[in-house]
Amino acid sequence: MGRIGPLEIALLVGLALLLFGAGRIADVGKGIGEGIRNFKKGLRDDDEEAAKQLPAKPEEKQEDTHKPV
Numbered sequence: 000m001g002r003i004g005p006l007e008i009a010l011l012v013g014l015a016l017l018l019f020g021a022g023r024i025a026d027v028g029k030g031i032g033e034g035i036r037n038f039k040k041g042l043r044d045d046d047e048e049a050a051k052q053l054p055a056k057p058e059e060k061q062e063d064t065h066k067p068v
């Protein structure tokens with residue numbers, strides 16, 4: 000017990016088709032896809048916004064350690 004085989008998956012898919020219909024399942028899949036896409040876009044936008052807010056590092060000047068003799 001605890002393992003789901005191909006027969007059980009096919010049975011669940013068939014049951015979902017009977018209960019909701021193909022059109023409704025397609026709408027649910029489309030909604031899930033849009034949700035994932037918007038989530039990824041939000042993560043990307045947050046990263047870009049955070050990068051803009053970080054202060055730029057000033058270039059460090061290298062001091063001349065060689066003194067003329």
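Numbering that gives the first Met the number 0 puts the sequence shown at residues 0 to 68.
Just so you know, even glycine gets a beta-carbon here, dropped at the ideal spot from N, CA and C.
Remember, predicted model here, so these are calculated numbers, not experimental data.
Query: Where L16 sits in the DSSP three-state scheme; Result: helix
Query: G4 - DSSP class collapsed to helix/strand/coil; Result: coil
Query: Distance between E7 and G1 (C-alpha atoms, nearest Å); Result: 11 Å
Query: CB-CB length for A15 against I3, believed under 8 Å; Result: With a Cβ gap of about 14 Å, A15 and I3 do not count as contacting.
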